[in-house]
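K.L.:
Have a look at this one.
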Amino acid sequence: MPSRTELANAVRALSMDAVQQANSGHPGAPMGMADIAEVLWNDHLRHNPANPHWPNRDRFVMSNGHGSMLVYSLLHLTGYDLPIEELRNFRQLHSKTPGHPEYGYAPGVETTTGPLGQGISNAVGMAIAEKVLAAQFNRPGHEIVAHNTYMFLGDGCLMEGISHEACSLAGTLGLGKLIAFYDDNGISIDGEVEGWFTDDTPARFRAYGWHVIDRVDGHDPAAVNAAIEEARSVVDRPSMLCCQTVIGKGSPAKQGKESSHGAPLGVDEVAATREALGWEHGPFEIPDDIYSVWCALERGAAAEADWDAAMEAYAADHAESAAELLRRLAGDLPEHFTQLADDYIRECQEAAQSIASRKASQNCLDAFGPALPEFLGGSADLAGSNLTVWSGSRAMDRNNADANYIYYGVREFAMSAIMNGVALHGGFIPYGATFLIFMEYARNAVRMAAIMQQPSIFVYTHDSIGLGEDGPTHQPVEQLTSLRTTPGLHTWRPCDAVESAVGWKAAITRRTGPSALIFSRQSLPHQERSEQQLQDIARGAYILSDSPSAPDVILIATGSEVALAQEAAQILRERGKSARVVSMPCVESFLAQDASYRESVLPSNVLARVAVEAGHVDYWYKFVGLDGRVVGMTTFGESAPAGELFEHFGITTAAVVEAAEDVIL
22 MPSRTELANA
32 VRALSMDAVQ
42 QANSGHPGAP
52 MGMADIAEVL
62 WNDHLRHNPA
72 NPHWPNRDRF
82 VMSNGHGSML
92 VYSLLHLTGY
102 DLPIEELRNF
112 RQLHSKTPGH
122 PEYGYAPGVE
132 TTTGPLGQGI
142 SNAVGMAIAE
152 KVLAAQFNRP
162 GHEIVAHNTY
172 MFLGDGCLME
182 GISHEACSLA
192 GTLGLGKLIA
202 FYDDNGISID
212 GEVEGWFTDD
222 TPARFRAYGW
232 HVIDRVDGHD
242 PAAVNAAIEE
252 ARSVVDRPSM
262 LCCQTVIGKG
272 SPAKQGKESS
282 HGAPLGVDEV
292 AATREALGWE
302 HGPFEIPDDI
312 YSVWCALERG
322 AAAEADWDAA
332 MEAYAADHAE
342 SAAELLRRLA
352 GDLPEHFTQL
362 ADDYIRECQE
372 AAQSIASRKA
382 SQNCLDAFGP
392 ALPEFLGGSA
402 DLAGSNLTVW
412 SGSRAMDRNN
422 ADANYIYYGV
432 REFAMSAIMN
442 GVALHGGFIP
452 YGATFLIFME
462 YARNAVRMAA
472 IMQQPSIFVY
482 THDSIGLGED
492 GPTHQPVEQL
502 TSLRTTPGLH
512 TWRPCDAVES
522 AVGWKAAITR
532 RTGPSALIFS
542 RQSLPHQERS
552 EQQLQDIARG
562 AYILSDSPSA
572 PDVILIATGS
582 EVALAQEAAQ
592 ILRERGKSAR
602 VVSMPCVESF
612 LAQDASYRES
622 VLPSNVLARV
632 AVEAGHVDYW
642 YKFVGLDGRV
652 VGMTTFGESA
662 PAGELFEHFG
672 ITTAAVVEAA
682 EDVIL
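So the sequence shown is numbered by our numbering: it starts at 22 and just counts up by one.
As structure tokens, this is what we get:
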């Protein structure tokens, strides 16, 4: 029977071999955390390698994602569909083992990590999802939602500001099934961290309201096991296990040094490490007796079978709740939702309300929310401005998780990454809001949602200089361009209540990636539409108004500037020019349409084009051409009432008319 040390050494050997073969990677963290991982995965983690998506599995997140070979080694050894050939192809094109854990590549990888601190926040989101789902569905005698979220993290994760945001909220919400392992090895890329990181980490986490177990010997399996048992017994607070480890453990020349952090050990040092560990097997060679102990297929199948039986008993007593839980875990929308949304969109068209699109957004939540118990919304301390609280909102707190709304506090970055964790967990449609300008704080989490193709819904209000007196620090200019150039993200900037409803429906029904919904502070006039125009909104761009003859000029606009384009088009028509107005609420949806539809909206033989948007002008040249005109922003804003600002920066009907007449000539 292999010893625990031998089991951990299998992880060390695979990690250093893969990094050496790739001639690239980070062997230090996997070698240093191998003993902790061995105890967690063999004695505590409930998972089924044959079914990585079993809903009641424990989640494992490696926030210090540069140590990805630890994850790949564990997945391979425990029986996931990750053969040894994939470990040999570590960091190679089209392998399932990229340099950092990437969601959707290797089965069993729960989230994409690498940007330090975001894995922590994803894990907080997963723990929130578990707690809320359990509160919504568990019944006396039926604890069918009950799993832990475990995360590994390092010094770098704790230095990143997002860790403060997320871990503070985790303590406040009392996430008792969240257990973190801090790899306290005292080393980062630049060397010994005492020169730049002297935080009292245990005191910090106690202040957050966490249960802290300090000075755990990360190379003593008994000590690690005892710490995990203690953490699992604490159900009212998340737990932080501060594990003292040696980076690169086993390497005679490089353990405990930054040289083992982010580079191969070297051929000679790998050989020396094998000798020091007493590992007498060749590269990528694992003895059968070690494989047999690591393999989790049998116990994973048994755990899932027990849960299936529990679900049968639950369904017998609570058939409706069981069906609803399975629907939500599958990511299916209620059968009637599409019809409900379509009916509401028509109601908005008939109501013809001229309101701020942020208010139109709240109206959508009131209309859709009762039909979507999977909604889990929130705002970064701006609920009263973002208007994300709706009539059925129920706030989560540490003592009441039967909720559908989270007050995130001033934590835009953590909110966005937590939403991604909620989406990854399953069972919810997460949305979260802030001002568009503060998307900058959360930018990398939005990017991660797009990379992972997760259906997080990012709600951004106060979308332009139209927010007025708060001035240039709060007035977005370049943010729309940043969002639209993010691959896989759909960005909607609606011009009225009707387009707002279509944008919400599109975001809710989109399951293959995130959406950003951009709303105004100021009131926007209702636009009249035919039935066909109403249908075409979902295509991302459509002809809102036209002249009887072929257009002399095409005006393209979004959001609050659609009204300016409409007014300008009417003036141009009165002056004998044929003008077409195209509302383009979602560029990405429009570009996904077939060529014939795109040509019908923006005919290639009409080169006289003007784009109008109170954002940076550069983005729009892709639609108007280098000889076209763009009415928009080229500088930051100013502090003044919104109406004065639009005049000051030349985003006016007269400016659109002038640009159109100029381009026609």
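Idealized CB from N, CA, C, for every residue including glycine.
Only counting the same chain, and skipping five residues up and downstream in sequence, which positions put a Cβ closer than 7 Å to that of Ile-311?
P.N.:
Around Ile-311: Pro-23, Glu-27, Leu-28, Ala-31.
K.L.:
Give the list of continuous beta strand (DSSP E) stretches no shorter than 3 residues that lie fully inside the stretch 200-242.
P.N.:
The qualifying runs are 232-238.
K.L.:
Suppose you measure from the CA of Cys-263 to the CA of Asp-220; what does that come to, to the nearest Å?
P.N.:
For Cys-263 and Asp-220, the distance between alpha carbons rounds to 13 Å.
K.L.:
When the Cα atoms are used, what is the spatial distance from Tyr-171 to Arg-432?
P.N.:
Looking at the two C-alpha atoms, the distance is approximately 22 Å.
K.L.:
According to DSSP, which residues form a beta bridge with Arg-630?
P.N.:
For Arg-630, which the question treats as bridged, DSSP gives the partners Ile-575.
K.L.:
When DSSP builds the beta bridges, which residues end up paired with Thr-512?
P.N.:
DSSP lists Ala-537 as partners of Thr-512.
K.L.:
My output table needs one value for Thr-133: the three-state DSSP class, helix, strand or coil.
P.N.:
Note: Thr-133 maps to coil in three-state DSSP.
K.L.:
What distance in whole Å lies between the Cβ atoms of Ala-600 and Val-574, which are believed to be in contact at a cut-off of 8 Å?
P.N.:
Contact flag correct, Cβ pair sits at about 5 Å.
K.L.:
Suppose the cutoff is 7 Å on Cβ atoms and the five residues either side in sequence are ignored; what does the same chain contact list for Ser-566 look like?
P.N.:
Contacts found: Gln-587, Ala-590, Val-602.
K.L.:
Would you kindly report the start and end of the unbroken alpha helix (DSSP H) that includes Pro-51?
P.N.:
It spans 49-64 - the alpha helix (DSSP H) in which Pro-51 sits, taken as one unbroken run.
K.L.:
Could you check what DSSP says for Pro-259 in three-state terms: helix, strand or coil?
P.N.:
Here Pro-259 sits in coil by DSSP.
K.L.:
Classify Gly-299 as buried or exposed, calling it buried when 16 or more other Cβ atoms lie within 10 Å of its own Cβ.
P.N.:
By the 10 Å Cβ count, Gly-299 comes out exposed.
K.L.:
List in chain order: all unbroken alpha helix (DSSP H) runs of 4+ residues lying wholly within the stretch 269-354.
P.N.:
For the stretch 269-354, whole alpha helix (DSSP H) runs of length 4 or above, ordered along the chain, are 288-298, 309-315, 318-338, 340-351.
K.L.:
Please confirm whether Lys-380 and Leu-408 have their CB atoms less than 8 Å apart.
P.N.:
Contact: yes.
K.L.:
Determine the closest residue to Val-60 out of Gly-216, Ser-36, Ile-249, with distance taken between C-alpha atoms.
P.N.:
Checking every option, the nearest Cα to that of Val-60 belongs to Ile-249.
K.L.:
Go ahead and label Ser-375 buried or exposed: buried means 16 or more other beta carbons lie within 10 angstroms of its beta carbon, across all protein chains shown.
P.N.:
It counts as exposed.
K.L.:
Use the C-beta contact count for Lys-643: other C-beta atoms within 10 angstroms, 16 or more gives buried, fewer gives exposed.
P.N.:
The residue in question, Lys-643, is exposed, as its Cβ has fewer than 16 Cβ neighbours within 10 Å.
K.L.:
Helix, strand or coil: which one does DSSP assign to His-483?
P.N.:
If DSSP states are grouped into helix, strand and coil, His-483 belongs with coil.
K.L.:
If you draw a straight line from the alpha carbon of Val-467 to that of His-232, how long is it in whole angstroms?
P.N.:
Rounded to the nearest angstrom, the two C-alpha atoms are 30 Å apart.
K.L.:
Would you call the stretch 165-180 in contact with the stretch 468-485, where contact means no fewer than 3 C-beta pairs closer than 8 Å?
P.N.:
Cβ pair count under 8 Å is below three, so no.
K.L.:
To the nearest whole angstrom, what separates the beta carbons of Leu-199 and Pro-259, a pair I think is in contact under 8 Å?
P.N.:
Right, their Cβ atoms sit about 4 Å apart.
K.L.:
Does the Cβ of Phe-657 have 16 or more other Cβ atoms within 10 Å, making it buried, or fewer, making it exposed?
P.N.:
Classification for Phe-657: exposed.
K.L.:
Which residue or residues does DSSP assign as beta-bridge partners of Gly-399?
P.N.:
The partner list for Gly-399 (beta bridge, DSSP) reads Ile-427.
K.L.:
Can you list, in chain order, the residues of its chain whose CB lies under 6 Å from that of Glu-634, leaving out five sequence neighbours each side?
P.N.:
The residues are Thr-579, Glu-582, Gly-653.
K.L.:
By how many angstroms is the C-alpha of Asn-206 removed from the C-alpha of Arg-33?
P.N.:
Distance between the alpha carbons of Arg-33 and Asn-206 is about 16 Å.
K.L.:
Check whether the Cβ atoms of Pro-355 and Leu-397 lie closer than 8 Å to each other.
P.N.:
Going by C-beta atoms, Pro-355 is not nearer than 8 Å to Leu-397.
K.L.:
Should Glu-682 go down as buried or exposed, given a rule of 16 or more other Cβ atoms within 10 Å for buried?
P.N.:
Result: buried.
K.L.:
Tell me where the beta strand (DSSP E) around Phe-456 begins and ends.
P.N.:
Where Phe-456 is concerned, the enclosing beta strand (DSSP E) stretches over 450-456.
K.L.:
Which runs of the alpha helix (DSSP H), 4 residues or longer, sit entirely within the stretch 74-130?
P.N.:
With a minimum length of 4 residues, the continuous alpha helix (DSSP H) runs that stay inside the stretch 74-130 are 89-99, 105-109.
K.L.:
Can you tell me whether Ser-400 is buried or exposed? The criterion is at least 16 other CB atoms within 10 Å of its CB, across all chains shown.
P.N.:
Answer is buried; the Cβ neighbour count reaches 16.
K.L.:
When DSSP labels each residue in this structure, what does Gln-265 get in the three-state scheme?
P.N.:
Looking at Gln-265 - three-state DSSP - the assignment turns out to be strand.
K.L.:
Check this for me: beta carbons of Ala-435 and Ile-149, under 8 Å apart or not?
P.N.:
It is not a contact, given that the beta carbons lie outside the stated cut-off.
K.L.:
How about the stretch 475-485 and the stretch 452-462: do they share at least three Cβ pairs that are nearer than 8 Å?
P.N.:
Yes, the stretch 475-485 is in contact with the stretch 452-462.
K.L.:
Going by beta carbon distance, what residues of the same chain come within less than 8 Å of Val-314, once the five residues before and after it are set aside?
P.N.:
Same-chain partners within the cutoff: Met-22, Pro-23, Leu-28, Asn-63.
K.L.:
Please determine whether the Cβ atom of Thr-193 lies at a distance below 7 Å from any heavy atom of the ligand PLP.
P.N.:
The ligand PLP is absent from the structure shown, which contains no ligands of any kind.
K.L.:
Which residues bound the alpha helix (DSSP H) around Ala-589?
P.N.:
Counting along the chain, the alpha helix (DSSP H) containing Ala-589 begins and ends at 582-595.
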